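Residue numbers (the UniProt record's numbering), protein chains in the order written: chain A, 1 to 229; chain B, 1 to 229.
We treat Cβ as the ideally placed atom computed from N, Cα and C, and that holds for glycine.
From a predicted model like this one, the values you see are computed outputs, not experimental measurements.
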DNA sequence: GATCCGTCAAGAGCAGCGCTCTCGGTTTTG
DNA sequence: CAAAACCGAGAGCGCTGCTCTTGACGGATC
């Protein structure tokens, strides 16, 4: 590890500051991030930004990547902080952590999970960090099966689907019965839907106790999966 | 009903044509709809559009409203086309219709259920049509309970939540046990999540048989609700 | 120590955007 | 028939992302 040159360090600091300012703008003004406004906030001219990011989309990509990492960190930390044997407690901890992060960073969550920008195509770098939250949920089930605390039912998926899910399980290197993995995916889908409805929609505008609603709905999915109480 | 003047008729036609062209642009270019491009396609100057829509947001609102109505029509038609006594068949028909509409109109679906545009606030006119799809799902349960084909379990929600959901049930004038209504909301959330993942995400890029996956996942929610096979 | 090359911020400029206002011309209305 | 309402075109404002050129600075090299 050779010491980076002064210029390299200054440059890295600039990149970090640009991302920080951009994230601040994202939080206040929403998804339509203006490069010129970011530059203005930094006392620079808009063209100077292009020394650090070749385009606005690349800046957004950097923010998306960091967002996935931040969400993944929060989710995995919540899982690690729970009693390993308490599958249901871990499930709820992970779900709550994802929701808490989304509520704390709504604009970034919208960037990650909202409707994609038309011209924009997420690069492949984003796919691995994006899988961390659902993989954490799957990890709970894997631990449960391995530890004998979660007993998969003998349910078998109908055939065109069973091999699809089995291949998916092999791809992500998870040794779970396809039927159980499908239920885990339903739980992940539900979690995403719950958070998105709370952030974007006004569906549960009339539900004052949102924490309790969230816990109950994620608990329903824990039931569906078969996590023991 | 007095006959509308020639100008009024031509004006209504213009409004329709603007919306049609805008919808076409929406389908190709995505959510960042350009008023000037729409005007160009119509052989007009951009300022002329403002004779018909006071702002770009109002045009989008009109498109959103029509989108909700179209989705609601599709969903209700699917429900109406199924055997009234076959609760599970109706459930699947409604879910499939929503998915089919979304796949056929991805940009409009993104407009309805994607991340909201920062400055934009949906007017109250949109709330009623937006509730048609979930209300259709709830209607299946209501018919089932009324017809004696769906027997709600004795499950009771814990207290802060029970009264919330009960008030919500009263608000939408649905006489269902709160616990059952909560499960219906979970099903609706799941449906939204499934469609969004398929449209936006690349989660199930590796699931070739998407129809079967969708049916199975919505079937899981039918199980959770207790719809009889 | 002078030189040279890579890097940097700044500025001008292009095309596009939403939106406003004004100006003639047409249509409807009283 | 005159007044009022409506319409499209055009100019223009401030904004956007982005490109290109210019001049200055800094670290490494001879």
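inquiry  = So within the segment 33-99 of chain B, which uninterrupted alpha helix (DSSP H) runs reach at least 4 residues, ignoring any that extend past its ends?
reply    = Qualifying alpha helix (DSSP H) stretches, in chain order: 35-41, 46-49 and 56-80.
message = I need the DSSP call for residue 109 of chain B, collapsed to helix, strand or coil.
response = helix
query = At a cut of 8 Å, does the segment 121-132 of chain B reach the segment 52-69 of chain B through at least three beta carbon pairs?
reply = Yes: the two stretches touch, three or more of their Cβ pairs being nearer than 8 Å.
ask   = Of the residues B:91, B:90 and B:98, which one's Cα is nearest the Cα of residue 72 of chain B?
value = Distances from the CA of residue 72 of chain B to each of B:91, B:90 and B:98 were compared; the closest alpha carbon is that of B:98.
request  = Could you say which of A:94, A:207 and A:30 lies nearest to residue 166 of chain B if we only look at CA atoms?
outcome  = Ranked by Cα distance from residue 166 of chain B, the first of A:94, A:207 and A:30 is A:207.
message = Rounded to whole angstroms, what is the Cα-Cα separation between residue 49 of chain B and residue 186 of chain B?
response = Approximately 42 Å between the Cα atoms of the pair.
Given residue 134 of chain B as reference, the closest of B:215, B:76 and B:29 once Cα atoms are compared = It is B:76.
inquiry  = Which residue marks the beginning of the alpha helix (DSSP H) containing residue 192 of chain B, and which one marks its end?
reply    = 178-199 is the extent of the alpha helix (DSSP H) around residue 192 of chain B.
CA-to-CA distance, residue 60 of chain B to residue 188 of chain B, given in whole angstroms = 25 Å
task = Take residue 21 of chain A and list the residues in its own chain whose beta-carbon comes closer than 7 Å to its own, dropping the five residues that flank it on each side.
result = The answer, listed in chain order, is 38, 41 and 42.
query = Is the Cβ-Cβ distance between residue 227 of chain B and residue 137 of chain B less than 8 Å?
reply = no
request  = Have a look at residue 57 of chain A and residue 8 of chain B and give me their C-alpha separation to the nearest angstrom.
outcome  = 44 Å
message = Give me, in chain order, the residues of the same chain whose beta-carbon lies closer than 8 Å to that of residue 19 of chain A; leave out the 5 immediate sequence neighbours on both sides.
response = 59, 62, 63 and 66
query = At a Cβ cut of 9 Å, what residues of the segment 188-204 of chain A count as close to chain B, listed as they run along the chain?
reply = Flagged, chain order: 188, 189, 190, 191, 192, 193, 194, 196, 197, 199, 200, 201, 202, 203 and 204.
task = May I ask you to report which of helix, strand or coil DSSP gives residue 21 of chain B?
result = helix
query = Do you know how far the Cα of residue 198 of chain B is from the Cα of residue 10 of chain B?
reply = Near 40 Å, if we compare the C-alpha coordinates of residue 198 of chain B and residue 10 of chain B.
key: Three-state secondary structure (DSSP) of residue 217 of chain A   = helix
key: Beta-carbon spacing of residue 155 of chain A, residue 179 of chain A below 8 Å   = yes
inquiry  = If you reduce the DSSP assignment to three classes, tell me which class residue 139 of chain A lands in.
reply    = helix
task = Measure the alpha-carbon distance for residue 31 of chain A versus residue 69 of chain B and round it to whole angstroms.
result = 27 Å
task = Would you mind sorting residue 171 of chain A into buried or exposed? The rule is 16 or more other CB atoms within 10 Å of its CB.
result = By the 10 Å Cβ count, residue 171 of chain A comes out exposed.
Within-8 Å CB hit, residue 52 of chain B to chain A = no
query = So is residue 167 of chain B in contact with chain A if we call contact Cβ pairs under 8 Å?
reply = yes
ask   = For the segment 135-149 of chain B, which residues have a beta carbon sitting closer than 9 Å to at least one beta carbon of chain A?
value = none
message = Against chain B, which members of the segment 31-48 of chain A pass a CB distance test of less than 7 Å?
response = 31 and 32
ask   = According to DSSP, is residue 157 of chain B helix, strand or coil?
value = coil
inquiry  = For the segment 110-117 of chain B against the segment 76-96 of chain B, do three or more pairs of beta-carbon atoms, one drawn from each stretch, fall closer than 8 Å, so that the two count as touching?
reply    = no
inquiry  = Taking the alpha carbon of residue 36 of chain B as the reference point, which residue from B:46, B:164, B:28 and B:29 has its own alpha carbon closest?
reply    = B:46
ask   = Is the beta carbon of residue 152 of chain B sitting closer than 8 Å to the one on residue 177 of chain B?
value = The answer is yes: Cβ separation under 8 Å.
key: Minimum C-alpha distance to residue 162 of chain B - residue among A:88, A:225, A:224 and A:209   = Nearest of A:88, A:225, A:224 and A:209 to residue 162 of chain B, Cα basis: A:209.
key: Same chain, Cβ closer than 7 Å to residue 74 of chain A, neighbours up to 5 away in sequence not counted   = 97 and 101
message = Between residue 60 of chain B and chain A, is the shortest Cβ-Cβ distance under 8 Å, so that the two count as touching?
response = no
Other residues of its chain near residue 184 of chain B: CB distance less than 7 Å, five sequence neighbours each side excluded = So the list reads 137, 138, 141 and 225, once near-sequence residues are dropped.
task = Classify residue 6 of chain A as buried or exposed, calling it buried when 16 or more other Cβ atoms lie within 10 Å of its own Cβ.
result = Exposure of residue 6 of chain A is indicated by the presence of fewer than 16 other C-beta atoms within 10 angstroms of its C-beta.
request  = Can you pull the chain B residues whose beta carbon is under 7 Å from the beta carbon of residue 114 of chain A, in chain order?
outcome  = 114 and 115
inquiry  = Please list, in chain order, the chain B residues whose beta carbon lies closer than 7 Å to that of residue 160 of chain A.
reply    = 209 and 212
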